[in-house]
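Number of protein chains: 2
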Amino acid sequence: MTDEEIHLPHVRKPVPSLTIYDVARTAGVSIASVSRVLNGHSTPRPETRDRVLRAVQELGFVPDGAARALSSRLKEVVSVVFRRPRAETQAADAEEFDDEADSLFFMDVLNRGIEVAAQLEGFDLLLSSVDVHEHSPGGKVAKLAGKSDGIILHDRVLTPNGVIRLADRIPVVTLAGTPTRASVNIVGDNVAGMRDLAKHVLGDHGYDSIAYLSGHGDSPDNLIRGKAVREVAEEFGLPFEDGPNWSGEYSAAGGARVIRRLIEEGRPIPRVICCANDQSALGVINELHRRGYRVPDDVAVTGFDDISVARHVSPSLTTVRQPIERLGALAFETLYTMISGERPAERQIVLPVQVVQRSSCGCRPETAPAVGAPSVR
Amino acid sequence: MTDEEIHLPHVRKPVPSLTIYDVARTAGVSIASVSRVLNGHSTPRPETRDRVLRAVQELGFVPDGAARALSSRLKEVVSVVFRRPRAETQAADAEEFDDEADSLFFMDVLNRGIEVAAQLEGFDLLLSSVDVHEHSPGGKVAKLAGKSDGIILHDRVLTPNGVIRLADRIPVVTLAGTPTRASVNIVGDNVAGMRDLAKHVLGDHGYDSIAYLSGHGDSPDNLIRGKAVREVAEEFGLPFEDGPNWSGEYSAAGGARVIRRLIEEGRPIPRVICCANDQSALGVINELHRRGYRVPDDVAVTGFDDISVARHVSPSLTTVRQPIERLGALAFETLYTMISGERPAERQIVLPVQVVQRSSCGCRPETAPAVGAPSVR
DNA sequence: AGCGTTTCCGTAAGCGCTTCCCTGTGCAGC
DNA sequence: GCTGCACAGGGAAGCGCTTACGGAAACGCT
Numbered sequence: 064m065t066d067e068e069i070h071l072p073h074v075r076k077p078v079p080s081l082t083i084y085d086v087a088r089t090a091g092v093s094i095a096s097v098s099r100v101l102n103g104h105s106t107p108r109p110e111t112r113d114r115v116l117r118a119v120q121e122l123g124f125v126p127d128g129a130a131r132a133l134s135s136r137l138k139e140v141v142s143v144v145f146r147r148p149r150a151e152t153q154a155a156d157a158e159e160f161d162d163e164a165d166s167l168f169f170m171d172v173l174n175r176g177i178e179v180a181a182q183l184e185g186f187d188l189l190l191s192s193v194d195v196h197e198h199s200p201g202g203k204v205a206k207l208a209g210k211s212d213g214i215i216l217h218d219r220v221l222t223p224n225g226v227i228r229l230a231d232r233i234p235v236v237t238l239a240g241t242p243t244r245a246s247v248n249i250v251g252d253n254v255a256g257m258r259d260l261a262k263h264v265l266g267d268h269g270y271d272s273i274a275y276l277s278g279h280g281d282s283p284d285n286l287i288r289g290k291a292v293r294e295v296a297e298e299f300g301l302p303f304e305d306g307p308n309w310s311g312e313y314s315a316a317g318g319a320r321v322i323r324r325l326i327e328e329g330r331p332i333p334r335v336i337c338c339a340n341d342q343s344a345l346g347v348i349n350e351l352h353r354r355g356y357r358v359p360d361d362v363a364v365t366g367f368d369d370i371s372v373a374r375h376v377s378p379s380l381t382t383v384r385q386p387i388e389r390l391g392a393l394a395f396e397t398l399y400t401m402i403s404g405e406r407p408a409e410r411q412i413v414l415p416v417q418v419v420q421r422s423s424c425g426c427r428p429e430t431a432p433a434v435g436a437p438s439v440r
Numbered sequence: 064m065t066d067e068e069i070h071l072p073h074v075r076k077p078v079p080s081l082t083i084y085d086v087a088r089t090a091g092v093s094i095a096s097v098s099r100v101l102n103g104h105s106t107p108r109p110e111t112r113d114r115v116l117r118a119v120q121e122l123g124f125v126p127d128g129a130a131r132a133l134s135s136r137l138k139e140v141v142s143v144v145f146r147r148p149r150a151e152t153q154a155a156d157a158e159e160f161d162d163e164a165d166s167l168f169f170m171d172v173l174n175r176g177i178e179v180a181a182q183l184e185g186f187d188l189l190l191s192s193v194d195v196h197e198h199s200p201g202g203k204v205a206k207l208a209g210k211s212d213g214i215i216l217h218d219r220v221l222t223p224n225g226v227i228r229l230a231d232r233i234p235v236v237t238l239a240g241t242p243t244r245a246s247v248n249i250v251g252d253n254v255a256g257m258r259d260l261a262k263h264v265l266g267d268h269g270y271d272s273i274a275y276l277s278g279h280g281d282s283p284d285n286l287i288r289g290k291a292v293r294e295v296a297e298e299f300g301l302p303f304e305d306g307p308n309w310s311g312e313y314s315a316a317g318g319a320r321v322i323r324r325l326i327e328e329g330r331p332i333p334r335v336i337c338c339a340n341d342q343s344a345l346g347v348i349n350e351l352h353r354r355g356y357r358v359p360d361d362v363a364v365t366g367f368d369d370i371s372v373a374r375h376v377s378p379s380l381t382t383v384r385q386p387i388e389r390l391g392a393l394a395f396e397t398l399y400t401m402i403s404g405e406r407p408a409e410r411q412i413v414l415p416v417q418v419v420q421r422s423s424c425g426c427r428p429e430t431a432p433a434v435g436a437p438s439v440r
């Protein structure tokens, strides 16, 4: 008689999972009452209420989200879409993969901000990435539209036209993108932040040359930041560099690569390197150290974002703090009002940012109290 | 007569979004045929097929996920739940918040691994965090169960009993947790990894004392790692320290705090500090530098996980590489087989890890003037 | 007591899909 | 020309819930 699992036929749901009918039966009421109790509507009599709740408790009932969504026309889900560097986890070159992957750090924090804000309204996040080489991410994103009440698009997921088309079907908010007639864009104040930072290094420190190590070429944030640095350099009448040779792709490996090539080709290193984000600044600093350059004594380096490790490295990183989580939260909140049927007040919301002066620009001596910097070298 | 929107009563969906009926009408077929075409079932005639696809294209139709899920009993969604340090984004102390938040780095990478694997099967991730102070996360998690086909639980979300209760209703996989009779646990080989690492610093380098800077007290990973270090220390007959004074809470700030107190209280610093993860190791190293200690010359420090920044800091961090993304992918794959109705082969899957020797243990001279491979070893 | 209100709750109609079942058509075989 | 069969595709049921509607019960008032 020991015949466990002889050949049970690949079933979906062996247990026909309990429904609201089961609860109704157990409680001796109608399904309508169960629903009302569960949703706190139209205050049922306390006694009925108790009966239902007891039945729910006893059976361990959890209402099916799909059925609720279908019926109430609200899924309580918003999708978040971002671009991911590589298609496969099992990429051949794991090292390379990791390096690319770390450019996602910023997004992770952003997503967390969205998530926390969403929880407050009882919404959950449907997270989805599209491959950076995906030709038409439109299809994938459309599928998500079917699973959610609204969509938050990170940088560079869809073209402005794609965004418009999507936004006709479902509320859309973009992060660090560009606003369209149908979607709202949320962004940090790149111009003010980068200008302040550039003015600080050029003005306060008086360095005599500067470069912008760029992020992804098609990222609006990147373009704007680079332009800001250039403009400040011109205002100061100082030499400025950027372009294809200065493409750090937002990653530590990318930043290091730029420096490596620079040195190998014997080109001069500018006195200041303004990086598009913190990750690439980390790579730059590390590579400079490797080659025997001192930061900030020989070269000053700055970042952007103020990710948490920025203050835990030596030299600690001078950067521009973006209210990352707040950006995410605001994205959700905006989307939420759109889902509720209101039309958003503005097409774009710009959040203030703030220069954070640490050591890598030359502001603070590295090892404050004691022995000379044992860190760097 | 200019009475635009006199007082339209807060509608949900002004546009009664198109349905499969609209497509059917446009294509001149029945909804059954549309459904069949869309799902590739029972090969309809090419001509019909084209008509339908053209209609879909023309209208920009996207099937409603909730309706599909309700009908087909498959949501194509898995939930991922993790603990989040603080409740509110707008926490008063932003600095503090960030520090806590960076302990989430590991999870983000893990989640990415899950996500990529899920995409391969057409599944999406429903991301949800529970507050670390939440008393009974069971309710929140139960709600998620209603929205998904399976659940992946990070470290310390539910008690083993809670996991069992949940796993009776829906497939559950835990990450770095403990296996139960109904759920599967996926974990890196903490014991082997930590033992190898400890043997390396104690054996190969011959250091004479060691401490374990712990992570969260109730994290299984943390407990096991600490135990491994202790055992190796005992095998070598060397002094070992851990305990409440050595609680780094997995964060850079936590690691720094431990060192700060240690120094302020004038207690001796062990020759080696094995940290529970990379983040806290970063904090430790930074604080040691601040106080004038050299790493690895005065104190050797190691991490765990091999997050990407580990090789972009100076000194680069000796650590144990976990196949983080692979862990996540495996979690999904396992969950997927469970959702498909198969029972998992094992209650627990342990993935191999690997010691990565860099500078912070004393292995490599810091400023390598060389050009070549800055990578692993 | 009689009537109008209000409250509570059951009935049933969907929500937008998938899929079973069955009809209608075209075609091969006799 | 008739029967039998394969197959494309339509009708309709049903997934598990919310909610409009309306009946019954309970209450307040004259």
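Residue numbers (this note's numbering), protein chains in the order written: chain H, 64 to 440; chain R, 64 to 440. All C-beta atoms, glycine included, are put in the ideal place defined by N, C-alpha and C.
Counting the other CB atoms within 10 Å of its CB gives residue 341(R) a total of 16 or more, which places it among the buried residues. For residue 328(H), the secondary structure class from DSSP, reduced to helix, strand or coil, is coil.
When C-alpha distances from residue 169(R) are compared across 100(R), 146(R), 135(R), the shortest belongs to 146(R). The region 237-255 of chain R and the region 216-227 of chain R touch, with no fewer than 3 CB-CB distances between them shorter than 8 Å. Residue 126(H) reaches chain R at 206, 209, counting residues in chain order whose Cβ is nearer than 9 Å. Per DSSP, the beta bridge partners of residue 251(R) are 414(R). For residue 287(R), there is no enclosing beta strand (DSSP E); the residue is found in the alpha helix (DSSP H) stretching over 283-299. In the DSSP assignment, residue 239(H) falls outside any alpha helix (DSSP H), carrying neither H nor E. Contact holds between the region 343-354 of chain H and the region 313-322 of chain H, because three or more Cβ pairs, one in each stretch, are under 8 Å apart. In the three-state scheme derived from DSSP, where H, G and I count as helix and E and B as strand, residue 218(R) is classed as coil. Around the Cβ of residue 178(R), a 10 Å sphere holds 16 or more other Cβ atoms; the residue is buried. With a threshold of 8 Å between beta carbons, residue 189(H) makes contact with chain R.
In terms of beta-carbon proximity, residue 268(R) stays away from the interface with chain H, with every pair separated by 8 Å or more. Beta-bridge annotation (DSSP): residue 363(H) is paired with 335(H). In the three-state reduction of the DSSP assignment, residue 98(H) falls in the helix class, which pools H, G and I. Between residue 384(R) and residue 417(R), the C-beta gap is smaller than 8 Å, which places the two residues in contact. For residue 129(H), the C-beta contacts it makes with chain R under 7 Å involve 129, 132, 133, 138, in order along the chain. In the DSSP assignment, residue 132(R) falls within the alpha helix (DSSP H) that extends over 128-135.
Take the alpha-carbon of residue 262(R) and the one of residue 144(R): they are about 35 Å apart. With its beta carbon less than 8 Å from one in chain R, residue 192(H) belongs to the interface.
Here residue 133(H) has no same chain residue with a Cβ atom under 7 Å from its own Cβ, once five neighbours each way along the sequence are excluded. Within chain R, not a single residue places a beta-carbon under 8 Å from that of residue 116(H); the smallest gap is close to 13 Å.
Interface annotation for the region 366-400 of chain R against chain H: 371, 372, 375, 376, 377, 388, 389, 392, criterion Cβ-Cβ distance under 7 Å.
Residues of the region 334-352 of chain H with a C-beta atom less than 9 Å from some C-beta of chain R are 342, 345, 346, 348, 349, 350, 352, listed in chain order. 248(H) is the residue among 244(H), 227(H), 415(H), 248(H) whose C-alpha sits nearest the C-alpha of residue 236(H). For the pair residue 392(R) and residue 180(R), the CB atoms are nearer than the 8 Å cut-off. Look at the beta carbons and you see the region 253-260 of chain R not touching the region 318-329 of chain R: under three pairs across the two are nearer than 8 Å. Of the residues assessed, residue 106(R) falls on the exposed side of the cut-off, its CB having fewer than 16 other CB atoms within 10 angstroms. At a cut-off of 8 Å between C-beta atoms, residue 175(R) counts as an interface residue with respect to chain H. Taking all protein chains shown into account, residue 304(R) has 16 or more neighbouring C-beta atoms within 10 Å of its C-beta and is therefore buried.
No residue range can be given for residue 199(H), since it is assigned to no beta strand (DSSP E) and is classified by DSSP as neither H nor E. In its chain, beyond the 5 residues on either side, 285, 289, 305, 309, 310, 311, 339 have a beta carbon closer than 7 Å to the beta carbon of residue 277(H).
Assigned with DSSP and collapsed to three states, residue 402(R) falls in helix. Proximity of chain H to residue 232(R) at the Cβ level (cut-off 8 Å) is accounted for by 80, 123, 125, in chain order. One Cα belongs to residue 332(H), the other to residue 367(H), and the distance between them is close to 20 Å. Against chain H, the CB of residue 315(R) has a partner CB under 8 Å away; the residue lies at that interface.
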